[in-house]
Amino acid sequence: MKIITSIEDMKKWSSLTRFSDKVIGFVPTMGCLHEGHLSLIKTSIAECDATVVSIFINPIQFSPTEDFNSYPRNIELDKKILQTIGIDILFNPKQEDLYPKKFQTFVTVEDKTNYLCGVRRPGFFRGVTTVILKLFNIANPNIAYFGEKDWQQLEVVRTMVRDLNMDISIVGKPIMRDGDGLAISSRNSYLSEEDRSSARALSQALESAQALVIQGECSAENIRTEIRKIIEQKQGTEVDYISVCDPESFAEQTEIHSKVLVALAIRVGNTRLIDNRIIGKA
Numbered sequence: 001m002k003i004i005t006s007i008e009d010m011k012k013w014s015s016l017t018r019f020s021d022k023v024i025g026f027v028p029t030m031g032c033l034h035e036g037h038l039s040l041i042k043t044s045i046a047e048c049d050a051t052v053v054s055i056f057i058n059p060i061q062f063s064p065t066e067d068f069n070s071y072p073r074n075i076e077l078d079k080k081i082l083q084t085i086g087i088d089i090l091f092n093p094k095q096e097d098l099y100p101k102k103f104q105t106f107v108t109v110e111d112k113t114n115y116l117c118g119v120r121r122p123g124f125f126r127g128v129t130t131v132i133l134k135l136f137n138i139a140n141p142n143i144a145y146f147g148e149k150d151w152q153q154l155e156v157v158r159t160m161v162r163d164l165n166m167d168i169s170i171v172g173k174p175i176m177r178d179g180d181g182l183a184i185s186s187r188n189s190y191l192s193e194e195d196r197s198s199a200r201a202l203s204q205a206l207e208s209a210q211a212l213v214i215q216g217e218c219s220a221e222n223i224r225t226e227i228r229k230i231i232e233q234k235q236g237t238e239v240d241y242i243s244v245c246d247p248e249s250f251a252e253q254t255e256i257h258s259k260v261l262v263a264l265a266i267r268v269g270n271t272r273l274i275d276n277r278i279i280g281k282a
């Protein structure tokens, strides 16, 4: 594994690799690697000739009240994990290189960012799409891999790539879960044992929603009510949003007659967690 911190060195490596007709797979991360990341990375290694993983905690996707300064960091352990798994390149750029003084260009995807996390976290998706576009331009991958836990982010990135005529395939991979059903996330490290027990309400609520639809429930409002009941029974939980929406546009649905996305965001103590599931008829 080679570690690259320079933008120019990363671009040079990518150009030479593409010139050799090799397929580059790319997994962008903010570090604190977990099994969800490793699943994406292993898929890239299996499907591509070369794999690049980036680690960069992106400041412009955090609001002033969010956890940028306390976001989990363990770069030395991440390096060891990536060395063991056998990637080709770890791209670990400096903040001042990606965002130099007088930086003033941002990328915004309209419509899809006006729902769910886009409402609750103003500026979040602008920060995400800006950094992802920059990383795509620098690493120049053929394929980029994202987890479906961040379903809205995945769809926003797909839209950006389509609208800007970018020659990159975007691949989403299923959510990885711990044995207790909790979706794997770097922010799970914030949770106490009691918080974690409460956080299981997310996966329990999604399972209940799926069961109701299988039994014939078609009312989105009834699904939302059942989900809220399950979450609010748990100590220390606060609902951020409960959405039964179109999986691509994120428009709220009233009736379930086809596939819908059930997307949830809650706070457990001081930690914000998200989860989702596609349910409904094909």
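Numbering (my numbering), first residue to last: 1 to 282.
Every residue, glycine too, gets a C-beta built ideally from N, C-alpha and C.
For D275 against A183, the beta-carbon gap comes to about 5 Å, under 8 Å, which counts as contact. In this structure, the beta-carbon distance from T29 to I87 does not fall below 8 Å. Secondary structure at V107: coil, using DSSP grouped into helix, strand and coil. Note on E155: 16 or more other CB atoms within 10 angstroms of its CB, so buried under the neighbour-count rule.
Judged by beta-carbon spacing, I55 lies within the 8 Å limit of D78, meaning their Cβ atoms are closer than that value.
If you ignore the 5 residues before and after K134, its C-beta comes within less than 8 Å of the C-beta of L98, all in its own chain and listed in chain order. In the DSSP assignment, the residues bridged to G147 are K173. For D275, DSSP records a beta bridge to L264. Between L273 and L202, the C-beta spacing is below 8 Å.
When the five nearest sequence neighbours on each side are left out, the beta carbons in the same chain lying within less than 7 Å of the beta carbon of T113 are those of F125, V156, in order along the chain.
Of the other Cβ atoms in all chains shown, 16 or more fall within 10 Å of the Cβ of F250; this residue is therefore buried. According to the DSSP assignment, I7 belongs to the alpha helix (DSSP H) that extends over 7-19.
Note on geometry: alpha-carbon atoms of T17 and K259 lie some 40 Å from one another.
Taking a contact to require three or more Cβ pairs closer than 8 Å, the stretch 62-72 and the stretch 103-119 do not qualify as touching. By alpha-carbon distance to S6, the top candidate from Q153, A139, D178 is A139. Taking the Cα positions, M166 is about 10 Å away from P141. Cβ contact annotation for G118 (same chain, cutoff 6 Å, sequence separation greater than five): F125, in chain order. Collapsing the DSSP output to three states places C117 in a helix.
Nearest neighbour of T254 by Cα position, chosen from V244, N188, N92, F26, turns out to be V244. Beyond the five residues adjoining it in sequence on each side, N58 comes within less than 7 Å, by CB distance, of M30, G127, V131 in the same chain, given in chain order. Nearest in C-alpha terms to T225, of all of A209, V268, K2, G36, is A209. Contact between the stretch 171-189 and the stretch 226-238 is not established, with fewer than three Cβ pairs separated by less than 8 Å. Relative to the Cα of H37, the nearest Cα in the group S169, E252, P174 belongs to P174. Cβ neighbours of I24 within its own chain (closer than 8 Å, five residues either side excluded): S14, T17, R18, C48, D49, A50, T51, V52, A139, N140, P141, N142, I143. Annotation for I242: R224, I227, R228, L264 place their beta carbon closer than 7 Å to its own, counting only its chain and skipping 5 residues before and after. One thing to note: M10 has its Cβ within 8 Å of the Cβ of I4.
The Cβ neighbour count for K12, taken over all protein chains shown within 10 Å, is under 16; the residue is labelled exposed. The beta carbons of V239 and I266 sit about 6 Å from each other, so the pair counts as a contact at 8 Å. By the neighbour-count criterion, in which a residue is buried when 16 or more other Cβ atoms sit within 10 angstroms of its Cβ, R158 is buried.
Under DSSP, C245 shares a beta bridge with E252, L261.
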